[in-house]
Amino acid sequence: MLTQVAAGRVFDYSHSVGRGAQSGMGFNQPVAAALGAGDTVYVLNRGIEGISNVPWNRIGYGARVSITTIGSKPGDEEYLGEFGKYGSGDGEFIWGSGIAVDSAEKIYVSDEWLNQVTVYDKSGKFLGKWSALDKADGLPHGTASMVMDADENIFLTDSRSHQVRKFSKDGKFLGSWGQFGEGNGQFNSPWGITLDNQGFVYVADHKNHRVQKLTPDGQWVATFGSYGTRRGQMVRPTGVAVDPDGDVYVCDWSDNGWHPGRVHVFDSSGKFIISLIGDAQQLSKWAQMTVDANLDYLRARRRVPTTEPEWRFALPTGLTFDPVKRRLLVVDNQRSRLQIYNKPTDYMAPQLNL
Amino acid sequence: MPTQNDIALMAHLMRRAGFGASREEIEARAAKGYEATVEELLNPEVQEAVDRYDLIRFQPWTWRPGTIQGMGAAEWLYFMVNTRRPLEEKMALFWHQVFATGVSKVDHYDEVNDMVLLFRQRGMGNYKELLTELAKSPAMIYWLDNCENHADAVNENWGRELLELFSMGVGNYTEVDVRECSRAFTGWTFVPKLPRGPLGRFDWYFQYREEDHDDTEKTFLGQNGRFNGEDIIEIICQQPATATFIARHLYNFFVADEAQVPAWAVTPPRDQDAIDLLSDTFRDSNFDMRATLRVLFNSDFFKNARFARLKSPAEVVAGTLRLVGGYEFPSPGLGEMARQPCYMGQDLLNPPSVEGWHTGTEWINSGSLMRRVNFTADLVSDVTKPGIQSIIQRLRAKGHLSPEGFVDACLDLMGPLEVAPRIRQELVDHANAGGSLRWDTPQAVENSNKRVSELLQLIVSLREYQYA
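One line per chain: the protein sequences are A and B, in this order.
Quick note: the first sequence, position 215, residue 215 per my numbering, numbers continuous.
Counting from 1 along the second sequence, just add 354 to a position and that's the residue number in my numbering.
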């Protein structure tokens, strides 16, 4: 369903942006997105491992930050540029994992292999980088997702030490909390992280199959979801977002009938509302360009009994809610695109007996 | 307390039924007992399975990999290195060798990986059921053109290979049987998939098209009927030749190097009694692979076949990675690692033909041998790796070691490996240059670590290390 109405809310599919591309118009295994000024969105692409035909030349393809506008309807999107690439030098990342933008529109990218945060200006110029390790505690580290609070401090999940760490945006360590476990306030491979209007922290507790709500200093407040595939349950949640109404969005890898990938919506009390499974019935502008340029793709698309598999999410990894335009951006990793849902307040329901 | 022979026998079992094991694991299993270990290997469900999402979490490209050569085997290598169900994974490798299907034609790693998943899930179950599922595998259907096999235009590729390479072997059927078999599989195809561009890979699904199936009378291996594919598989499984064919494959893969498949029609088995025992068990158990493997691993001919077969490249790579340790996490470079068997002559998921790889000494040429030695020597040279550290700790626990003791201890911990006296003497001559192995000062420790690294590199360069 393109439009779903549930519990007084409307989730109205808008359009998708992206296609598979190692550079330029499109994304490559995107893992996270952050809002810039106006309609600009920064999309962090994990890329793929690639090897040219010599074994000593290991390369990652497609890793970069894409700068794009997404518009408000199909075809509005515009490619603005890109920066960063696979590597361990300045301005490069191996496993880009999280992205955030500050009030000066500096872009922060976390790297869960190098365990560092790299800072760029909005044109992609490298400004600096800092280690996201708080101390030499002997734990393996995997700096995963990130979010910036109202004071522009950064919360980072660490999927391998099962912690959340807090840093100033210039890299000063401010504290950490959490440990491995299944209890309240404990984590098993935490991944996505976000904040609500009141400053509460929400963590996608990936391998505990739940989302935890905590105070900014790590005191457990509530748990959303549990392992399973029934309503309100989840399998390996990856990303989390909260809208200004307090609704909580969780993307996970439960099956949607074609692929692993759903977005579950909960109200602020943790009551399950509805699930989205992906609705990209229309190709994005850039994806359509690829098809139009390749007659065999066009023919192949005409012989399938349904295009439904491409509508659906495939391993979504990130969520961003745009509070100004009241829309949810779902980072649809395997399909290298964003799927965008509006949450209108002025929706006029059609007559049911039309 | 396990004897040295118990240890050697358990190491032999774990090399064949798995990808080798650390000395700690070998000792623990030897203490538990040989037959108990065989039962544990035959019942993998008691061990936790590898979760592919632990890999996808960090390497999302492995979900539906592109067709960059060799990279698509990354997930499989991850499974081989991490599995706690070694025989399950070894059987997947076995069936991949028998039912060889390659991306060179299929051009979708994920579809061939789905076959590996089938082998992992059903490889120790009923052969007849596995064969039926194989006939429905989209990768196989495309690989052997059954999607082009129509009621009014028969394509014999799948029908021919089903008889020649997947069940009975050459000489046990006629050209008419091939034709009739192929007719029975008309209509077995798949639903077309969305193209790979612009949004990535999608899936094929098996589809039976009744309107494209030739439902008329057929005569197959002397039997008449309006046979469909399942009927053909039933008849195939009743043939003594099928049991013999599977038995020879099992012998070649698990026991000792045999003549290659094309020669089986004219070359008798290396051990006819063993083949008879395995084929009888296969038939008596109603084609149960688990029952057949139980007899194989508990047989004297298996126990007496130590170092009687050359390791395949996959065994060299996965086995050495498991030996040295530290490669369990899906680090950057996993894709490159997955290409190593390819460099040694075994491009996983992409066999050279439907006949699979030729094994035994045919694995070895000057290039592939160099690759094997360089790869393994590079890995064991790193004394920071946990598996090498474990060897060093065991050597240290023995105190000062003479050059002879040093060599013997390393050969023991790397296998135990059995080497000819001349080879041992060459290793001792090398060790003699450094004198006794000592650990009593920081400088001695540093020097001894270096010497262990050197000696291990020499050991993996030996002919003996290439044998399982």
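For every residue, glycine included, the Cβ atom is placed at its ideal position computed from N, Cα and C.
Note that the structure is predicted; figures quoted are calculated from it, not measured.
Quick one: which chain B residues come within Cβ less than 8 Å of residue i?
| i | result |
| --- | --- |
| residue 337 of chain A | 553 |
| residue 297 of chain A | 549, 551, 552 |
| residue 203 of chain A | Neighbours of residue 203 of chain A on chain B: none; closest Cβ ~15 Å, over 8 Å. |
| residue 301 of chain A | 548, 549 |
Whose Cβ in chain B lies nearer than 9 Å to the Cβ of residue i?
| i | result |
| --- | --- |
| residue 113 of chain A | 412, 685, 686 |
| residue 220 of chain A | Neighbours of residue 220 of chain A on chain B: none; closest Cβ ~24 Å, over 9 Å. |
| residue 165 of chain A | Chain B residues near residue 165 of chain A: none, gap ~19 Å exceeds 9 Å. |
I'd like to check one pair, residue j with residue i: are the Cβ atoms closer than 9 Å?
| i | j | result |
| --- | --- | --- |
| residue 345 of chain A | residue 327 of chain A | no |
| residue 727 of chain B | residue 814 of chain B | yes |
| residue 104 of chain A | residue 117 of chain A | no |
| residue 453 of chain B | residue 494 of chain B | yes |
| residue 206 of chain A | residue 159 of chain A | yes |
| residue 521 of chain B | residue 485 of chain B | yes |
| residue 50 of chain A | residue 286 of chain A | no |
| residue 421 of chain B | residue 462 of chain B | yes |
| residue 178 of chain A | residue 163 of chain A | yes |
| residue 449 of chain B | residue 492 of chain B | no |
| residue 392 of chain B | residue 409 of chain B | no |
| residue 709 of chain B | residue 616 of chain B | yes |
| residue 169 of chain A | residue 119 of chain A | yes |
| residue 489 of chain B | residue 470 of chain B | no |
| residue 79 of chain A | residue 63 of chain A | no |
| residue 248 of chain A | residue 275 of chain A | no |
| residue 229 of chain A | residue 316 of chain A | no |
| residue 304 of chain A | residue 318 of chain A | no |
| residue 34 of chain A | residue 100 of chain A | yes |
| residue 643 of chain B | residue 480 of chain B | yes |
| residue 284 of chain A | residue 66 of chain A | no |
| residue 70 of chain A | residue 61 of chain A | no |
| residue 298 of chain A | residue 43 of chain A | no |
| residue 358 of chain B | residue 770 of chain B | yes |
Residues of chain A with CB under 7 Å from residue i, in chain order?
| i | result |
| --- | --- |
| residue 547 of chain B | 304 |
| residue 407 of chain B | 236, 253 |
| residue 430 of chain B | Result: empty, since nearest Cβ-Cβ is about 15 Å, beyond 7 Å. |
| residue 415 of chain B | 29, 48, 49 |
Who are the neighbours of residue i on chain A, taking C-beta pairs under 9 Å?
| i | result |
| --- | --- |
| residue 425 of chain B | 48, 49, 50, 51 |
| residue 544 of chain B | Within 9 Å Cβ-Cβ: nothing; residue 544 of chain B doesn't reach chain A, min ~11 Å. |
| residue 418 of chain B | 314, 334 |
| residue 433 of chain B | Within 9 Å Cβ-Cβ: nothing; residue 433 of chain B doesn't reach chain A, min ~17 Å. |
Applying a beta-carbon distance threshold of less than 7 Å, which residues of chain B neighbour residue i?
| i | result |
| --- | --- |
| residue 143 of chain A | Within chain B, no residue comes near residue 143 of chain A; the closest Cβ sits about 12 Å away, beyond 7 Å. |
| residue 210 of chain A | Here the premise fails: no neighbours, minimum Cβ distance about 16 Å. |
Could you name the residues of chain A that residue i contacts, counting a contact when the two beta carbons are closer than 8 Å?
| i | result |
| --- | --- |
| residue 824 of chain B | Coverage of chain B is limited to positions 355 through 822, which leaves residue 824 of chain B absent and any answer about it impossible. |
Taking beta-carbon pairs under 8 Å, can you tell me which members of the segment 308-338 of chain A lie near chain B? Answer set for the segment 308-338 of chain A: 309, 310, 314, 315, 317, 333, 334, 335, 336, 337.
Contact residues within the segment 449-478 of chain B, judged by C-beta distance below 8 Å to chain A: Within the segment 449-478 of chain B, no residue qualifies.
Would you check if the segment 258-277 of chain A and the segment 211-228 of chain A touch, i.e. whether three or more CB-CB distances between them fall below 8 Å? Taking 8 Å as the limit for Cβ pairs, the verdict is that the segment 258-277 of chain A does touch the segment 211-228 of chain A.
For the segment 165-234 of chain A, list the beta strand (DSSP E) runs that are entirely contained and at least 3 residues long, ordered along the chain. 173-177, 190-195, 201-205, 210-214, 220-224
Contact between the segment 798-815 of chain B and the segment 739-756 of chain B: three or more CB pairs below 8 Å? A contact between stretches requires three or more CB pairs, one per stretch, nearer than 8 Å, and the segment 798-815 of chain B meets this requirement with the segment 739-756 of chain B.
Completely contained alpha helix (DSSP H) runs for the segment 260-339 of chain A, where each covers 4 or more residues: 285-292, 295-302, 308-311
How about the segment 613-633 of chain B and the segment 777-795 of chain B: do they share at least three Cβ pairs that are nearer than 8 Å? no
Are the segment 396-412 of chain B and the segment 665-677 of chain B touching by the rule of at least three beta carbon pairs closer than 8 Å? no
3-residue-minimum beta strand (DSSP E) runs that sit fully inside the segment 90-159 of chain A, ordered along the chain: 96-101, 107-111, 116-120, 126-131, 143-148, 153-158
Members of the segment 11-26 of chain A that neighbour chain B once the beta carbon cut-off is set at 7 Å: So the close ones are 19, 20.
Using a Cβ cut-off of 8 Å, which residues of the segment 687-701 of chain B contact any Cβ in chain A, in chain order? Look at the segment 687-701 of chain B: the residues with a C-beta under 8 Å from a C-beta of chain A are 687, 688, 689, 690, 693, 697.
For the segment 80-96 of chain A, list every residue whose C-beta sits within 8 Å of some C-beta in chain B, in sequence order. 94, 95
Members of the segment 267-294 of chain A that neighbour chain B once the beta carbon cut-off is set at 9 Å: 280, 283, 284, 286, 287, 288, 289, 290, 291, 294
Every unbroken alpha helix (DSSP H) within the segment 440-475 of chain B, with a cutoff of 4 residues, ordered by chain: 440-452, 457-460
Across the segment 424-441 of chain B and the segment 683-703 of chain B, are there enough close Cβ pairs to call them in contact, namely three or more that are closer than 8 Å? The way I'd put it, the segment 424-441 of chain B does touch the segment 683-703 of chain B; three or more beta-carbon pairs between them come closer than 8 Å.
Count the C-beta pairs between the segment 526-544 of chain B and the segment 574-590 of chain B that are closer than 8 Å, then say yes if the count reaches three, no if not. yes
Touching by the beta-carbon criterion (3+ pairs, under 8 Å), the segment 361-377 of chain B and the segment 306-314 of chain A: no
Three CB pairs or more closer than 8 Å across the segment 570-581 of chain B and the segment 602-612 of chain B: no
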